[in-house]
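Following this note's numbering, the numbering of the sequence shown begins with 1389 at its first residue and continues without gaps.
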Amino acid sequence: MKQLIAPSLLAADFMNLQRDVEMINQSEADWLHLDIMDGVFVPNISFGFPILKGLKKICRKPMDVHLMIVEPHKFIREVAETGAYLMNVHYEACTHLHRTIAGIHEAGMKAGVTLNPHSPVSLLEDIVQDVEVVMLMSVNPGYGGQKFIEHTVEKTRQLREMIDRKGLNTLIEIDGGVNFETGKRLLDAGADVLVAGSFVFSAADPASVIKELKALK
Ligand code: DX5
Ligand code: ZN
1389 MKQLIAPSLL AADFMNLQRD VEMINQSEAD WLHLDIMDGV FVPNISFGFP ILKGLKKICR
1449 KPMDVHLMIV EPHKFIREVA ETGAYLMNVH YEACTHLHRT IAGIHEAGMK AGVTLNPHSP
1509 VSLLEDIVQD VEVVMLMSVN PGYGGQKFIE HTVEKTRQLR EMIDRKGLNT LIEIDGGVNF
1569 ETGKRLLDAG ADVLVAGSFV FSAADPASVI KELKALK
């Protein structure tokens, strides 16, 4: 399967969101990655449901909503109402992850579980079969533009091995510090979806960076 590219809106120009979403719409991007932060689970606050609802009207790519919040199960309905395709919740934020995943599916969305850099892939052994996506954080969540954590490449290999061993088709998504160099190595290690924020939006021609990420493998 050709890799999927999910530009992260966190690095867009918030005073020109419509322009930047139009660029994504017309690009080869597969999903639009949306980072929701609460200042509790992560030490930063980004944007919330009013923005997602506005995006619903103009975004023509499937929305990949990454919830960096405590108790994400409380917001399943709100996320579904924004028309999200995928709801990504953190393993570390869910006491009853299996129930949360069932709720996401009942609300009509694909479910993703996300691991922080310190959480081992082995934690997924009894839940990977229930999600469409596993997302590995390759930076500590909360900010765009951080340095890629090298160990993520090894974790990607371990996760690829787990998914293949179980005969699943769960997608492996990687979030943080993705550029052409780290992206290529992640794809070689078995990643399926690359999130890229600052690397895309700091470029003079973001659409061409998306196109090149799409052609990396
Ligand atoms: C970080 C977010 C990422 C962020 C990635 O907490 O989850 O999605 O936008 O940004 P870059 O690609 O700049 O590392
Ligand atoms: Zn993210």
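All C-beta atoms in this analysis are idealised placements derived from N, C-alpha and C, irrespective of residue type, glycine included. Bear in mind that the values here come from a model prediction, so they are computed numbers and not experimental data.
Per DSSP, the continuous alpha helix (DSSP H) segment holding T1488 begins and ends at 1485-1494. For G1500, the enclosing beta strand (DSSP E) begins and ends at 1498-1503. The Cβ atoms of V1501 and I1446 do not sit closer than 7 Å to each other. Annotation: the continuous alpha helix (DSSP H) that includes L1405 extends over 1405-1414. Between K1449 and L1405, the C-beta gap is not smaller than 7 Å, which leaves the two residues out of contact. Of the candidates R1545, D1452, N1504, the residue whose Cα lies closest to the Cα of M1525 is N1504.
A contact is defined here as three or more CB-CB pairs under 8 Å, and the segment 1587-1594 fails this definition with respect to the segment 1539-1547.
Inclusion of V1527 and G1571 in the CB contact set at 7 Å is not warranted, their separation being larger than that value.
Boundaries for P1395: no alpha helix (DSSP H) harbours it, while the beta strand (DSSP E) harbouring it runs 1392-1395, taken from the DSSP string. Taking every protein chain shown into account, the CB of I1433 has fewer than 16 other CB atoms within 10 angstroms, so this residue is exposed. Of the heavy atoms belonging to the ligand DX5, at least one sits nearer than 6 Å to the Cβ of A1584. Residue ranges of uninterrupted alpha helix (DSSP H) with 4 or more members, entirely inside the segment 1541-1597 and ordered along the chain, are 1568-1577, 1586-1589. Secondary structure of V1430 (DSSP, three-state): coil. Taking the C-beta atoms as reference points, G1532 is found no nearer than 7 Å to L1422.
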